[in-house]
Amino acid sequence: MSLDPALRKRLHELLAEYGVKVRRLVESHGLAQHGIDPADIEQEVRIRLWKALERDRNAAFHTSYIQRVVLTTVIDAIRAAKARPAEPLPDEVELGDTFLVDHGAGPERNAGAGQDFRRITACLAELPQRRREAVVLHLQGFSFREIGQFTGTSEEAARKLLDRGMTTLRERLAAFGFGEFHDE
Amino acid sequence: MNESNKKNLTRLYRDHARNDAALPDADSLVSLALGNRSAKTDDVIEQVAASPLNGKLLHLTCDLQPLSIDLSMDLEALLGRSYTSVRHRQTRGRRALGARPRWRVAVAAMAASLIAVAGLWTAHRLNQSAETPMAASIHTQAIPDHIFSGFDEKTVAAHNDNRGDEIFRGRFLPDEIFKSNRNDG
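Keeping their order, the protein sequence lines are chains A and B. For the first sequence, the positions run 1 to 184 when our numbering is used. For the second sequence, the positions run 1 to 185 when our numbering is used.
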């Protein structure tokens, strides 16, 4: 691609800025613990976007296209990490994201947590599909607005689906003798 | 049960859900984040449900959107291209984030119109009822009622000519049929 040097420099700067933001996002979502290096992702995203610019300068760089480039890079890296021979993973316990699988807690306590999880999944499986979707998305940390957007309903409808789903889940878990729980 | 003793369902779920579920593809993740539902995005929801890693990927997709919009716009400006379609899609994407379903907007608009009409009608009625007693008395004094103004009871009483009711004073013409002078012969 024959580009004016000033334009070329500015494009590099833009992609570098974007790459840094992507790296921060990858780090903040805890994806590094799945065997990928955020710095590698940053570099790879910059390279892929630059190559796309070189291939077709007149191509439209839609938002969704740019998102796909990043996600493909991340997913490829995760697949590659999974395919690698087992390496010692970084500690699961991170600041601000304390895991319930507490290695210092002893096998009895962790076994109890595992049993609780199996009960939860069994109860979730009994929920109607839309309520189950709302509940699992909520458990994965998505907001009412996001749940509504993903499931094709309004924020208010998502809230109602979640309320009903959680009520049913509580009742079913209580029947298992699960006891009280909070979901925040 | 003490609040601190309650089990944290969210943490329990995220910590024990397995991360070996199939990874979703990038296209489906982007479609789901944009709110374009299809059979493929339904599968992604199931994949997200099955694995916290997939949940993180969906979070990443959502958070990437504003950054990618900015980069797309900057590239457009820098390369001097007219990205009409880009702009259109991006506006749609932004709108989709906080969008309400169309039927809700329509119902809200209809409800607002009904309320406005009811309000206007009520205001009009109140205006009328506030004006009526006073206005009626003013009108009675200022402009006599035309129907009854031509009939002055006092004059009628003074002018008693014992004519009686005009109906029974009628000078009825005899029936012409039976007074016919026609010569039938």
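The C-beta atom is built at its ideal place from N, Cα and C for all residues, glycine as well.
Using only the alpha-carbon positions, how far apart do residue i and residue j sit?
i          : j          : result
Asp-70(B)  : Val-117(B) : 44 Å
Ala-16(A)  : Val-70(A)  : 13 Å
Tyr-13(B)  : His-12(A)  : 42 Å
Pro-85(A)  : Gly-35(A)  : 11 Å
Leu-53(A)  : Gly-35(B)  : 28 Å
His-185(A) : Arg-131(A) : Any question about residue 185(A) goes unanswered here, given that chain A covers just 1 to 184.
Leu-126(B) : Leu-114(B) : 18 Å
Phe-142(A) : Leu-120(B) : 44 Å
Glu-155(A) : Arg-104(B) : 12 Å
Ala-6(A)   : Ala-80(A)  : 37 Å
Arg-55(A)  : Ala-22(B)  : 32 Å
Gln-115(A) : Thr-121(A) : 10 Å
Arg-170(A) : Leu-9(B)   : 10 Å
Ala-39(B)  : Val-136(A) : 18 Å
Arg-57(A)  : Ala-109(B) : 45 Å
Pro-128(A) : Thr-168(A) : 10 Å
Ala-174(A) : Arg-11(B)  : 18 Å
Gln-128(B) : Thr-122(B) : 10 Å
In terms of residues, what are the limits of the alpha helix (DSSP H) holding residue i?
i          : result
Leu-161(A) : 155-175
Phe-144(A) : 144-151
Ile-69(B)  : 52-79
Ser-38(B)  : Here Ser-38(B) belongs to no alpha helix (DSSP H), and DSSP marks it neither H nor E.
Asp-15(B)  : 9-16
His-12(A)  : 5-28
Ala-83(A)  : 63-83
Ile-36(A)  : Per DSSP, Ile-36(A) belongs to no alpha helix (DSSP H) and is neither H nor E.
Leu-137(A) : 129-139
Which same chain residues, not among the five before or five after residue i, have their C-beta less than 7 Å away from its C-beta?
i          : result
His-16(B)  : none
Val-48(B)  : Asn-54, Gly-55 and Leu-58
Asp-40(A)  : Ala-77
Ala-125(A) : none
Arg-23(A)  : Pro-38, Ala-39, Ile-41 and Glu-42
Thr-98(A)  : Caution applies to Thr-98(A), whose pLDDT of 38 falls short of 50 and renders its modelled position unreliable; the value that the coordinates give is listed next. Hits under 7 Å: none found.
Arg-172(A) : Cys-123 and Glu-126
Leu-145(A) : Leu is not the amino acid found at residue 145(A); the sequence shown has Arg there. The answer, listed in chain order, is Glu-155.
Trp-50(A)  : Leu-15
For residue i, which of the options has the nearest alpha-carbon?
i          : options                                          : result
Glu-76(B)  : Ala-81(A), Gly-30(A), Ile-66(A) and Arg-159(A)   : Ile-66(A)
Gly-152(A) : Arg-11(B), Asp-25(B), Ala-26(B) and Leu-32(B)    : Leu-32(B)
His-138(A) : Gly-19(A), Ile-47(A), Leu-127(A) and Met-166(A)  : Met-166(A)
Arg-18(B)  : Ala-157(A), Arg-164(A) and Gln-140(A)            : Gln-140(A)
Leu-31(A)  : Leu-60(B), Thr-10(B) and Ala-26(B)               : Leu-60(B)
Phe-61(A)  : Glu-46(B), Ser-51(B), Leu-79(B) and Pro-52(B)    : Leu-79(B)
Pro-52(B)  : Arg-104(B), Asp-63(B) and Asp-20(B)              : Asp-20(B)
Arg-37(B)  : Gln-149(A), Ala-81(A), Arg-170(A) and Leu-169(A) : Gln-149(A)
Thr-72(A)  : Ala-123(B), Leu-64(B) and Ala-39(B)              : Leu-64(B)
Gln-33(A)  : Phe-178(A), Lys-82(A) and Ala-174(A)             : Lys-82(A)
Ile-75(A)  : Thr-122(B), Val-30(B), Met-110(B) and Glu-46(B)  : Val-30(B)
Met-73(B)  : Phe-178(A), Arg-8(A) and Leu-14(A)               : Leu-14(A)
Among residues of its own chain, excluding the 5 on either side of residue i, which ones have a beta-carbon nearer than 6 Å to its beta-carbon?
i          : result
Leu-189(A) : The displayed coordinates of chain A run from 1 to 184. Any statement about residue 189(A) would go beyond what the structure contains.
Asp-184(B) : Confidence is the limiting factor: at Asp-184(B) the pLDDT is only 47, short of 50, which leaves the residue's position unreliable and the question unanswerable from this model.
Phe-176(A) : Arg-119
Leu-95(A)  : Since pLDDT at Leu-95(A) reaches only 41, below the 50 mark, its modelled position is unreliable, and no value is offered.
Val-26(A)  : Pro-38 and Ile-41
For residue i, which residues in the same chain have their Cβ closer than 8 Å to its Cβ, ignoring the five residues on either side in sequence?
i          : result
Ala-112(B) : none
Gly-19(A)  : Glu-42, Gln-43, Val-45 and Arg-46
Ala-134(A) : Ile-147, Thr-151, Ala-158, Leu-161, Leu-162 and Gly-165
Asp-43(B)  : Pro-24 and Ser-28
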